[in-house]
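Taking it in order: structure first as structure tokens, then the write-up.
Here it is as structure tokens:
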């Protein structure tokens, strides 16, 4: 089996295990067994558990950005694209595997002992804020809207994970509608 196939299988298996049980609860031996590779092969692909965690975060970042952008692109209007963020959250929160944001979870679990994990989690959150900023700018909204929507989305993720209910997405979407409409009115009156 070629290295990329083994590597992908290890990352996907680690992602499932870490999501279900946490990063620290899953040892290398358990990961190796679940991925059906030898411990030696696991370490050939990843020199440390930290390297696997970072690969899992990269995998999650890619899945998040591609999935979110695919849904956002289906919206017909700039306002609709902003609201599609919350539609994406609603779909995600209904998945059986949803356990909250993997970046928040990794930061909470490992951020104090792994600067690399903390940095990656920060970079992921920054990229989301920039993405929302680009959508808000395209809508003609004032610059304050993007951080507000980002915080609303982050809060919905934490609330849905803790409550074990997808309702936070709908509540956040309704709050986002108010914020967006207010900002767009201010953007139009400020441009006049």
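Numbering (the UniProt record's numbering), first residue to last: 1 to 192.
From the three backbone atoms N, C-alpha and C, an ideal C-beta is built for every residue, glycine too.
Bear in mind the structure is a predicted one, so any value in this text is a computation, not a measurement.
Of the listed residues the options, nearest to residue i (C-alpha basis)
{"i": "residue 164", "options": "120, 90, 85 and 55", "result": "90"}
{"i": "residue 178", "options": "106, 79 and 69", "result": "79"}
{"i": "residue 53", "options": "171, 113 and 84", "result": "113"}
{"i": "residue 152", "options": "82, 172, 99 and 70", "result": "172"}
{"i": "residue 65", "options": "126, 146, 183 and 158", "result": "126"}
{"i": "residue 76", "options": "15, 186 and 135", "result": "135"}
{"i": "residue 17", "options": "103, 82 and 56", "result": "56"}
{"i": "residue 124", "options": "7, 168 and 150", "result": "150"}
{"i": "residue 182", "options": "169, 139, 166 and 167", "result": "139"}
{"i": "residue 148", "options": "15, 85 and 167", "result": "85"}
Residue i - containing alpha helix (DSSP H), residue span
{"i": "residue 26", "result": "Careful: residue 26 lies outside any alpha helix (DSSP H) and carries neither H nor E."}
{"i": "residue 37", "result": "Premise fails: residue 37 is in no alpha helix (DSSP H) and is neither H nor E."}
{"i": "residue 62", "result": "49-72"}
For residue j and residue i, the rounded distance between their alpha carbons
{"i": "residue 25", "j": "residue 72", "result": "35 Å"}
{"i": "residue 58", "j": "residue 110", "result": "16 Å"}
{"i": "residue 192", "j": "residue 105", "result": "Any reading at residue 192 is ruled out, since the residue's pLDDT is 43, under 50, leaving its predicted position unreliable."}
{"i": "residue 68", "j": "residue 180", "result": "19 Å"}
{"i": "residue 184", "j": "residue 39", "result": "56 Å"}
{"i": "residue 96", "j": "residue 175", "result": "25 Å"}
Other residues of its chain near residue i: CB distance less than 8 Å, five sequence neighbours each side excluded
{"i": "residue 100", "result": "157, 158, 160, 161 and 162"}
{"i": "residue 50", "result": "114, 116 and 117"}
{"i": "residue 20", "result": "97 and 99"}
Other residues of its chain near residue i: CB distance less than 6 Å, five sequence neighbours each side excluded
{"i": "residue 35", "result": "9, 10 and 13"}
{"i": "residue 196", "result": "There is simply no residue 196 to check, as the chain begins at 1 and stops at 192 in what is shown."}
{"i": "residue 133", "result": "146"}
{"i": "residue 7", "result": "45"}
Cβ-based neighbour list, residue i, same chain, cut-off 7 Å, excluding 5 preceding and 5 following
{"i": "residue 118", "result": "107 and 111"}
{"i": "residue 128", "result": "150"}
Can you list the alpha helix (DSSP H) stretches of 4 or more residues lying completely in the stretch 76-154, in chain order?
78-93, 102-110 and 115-139
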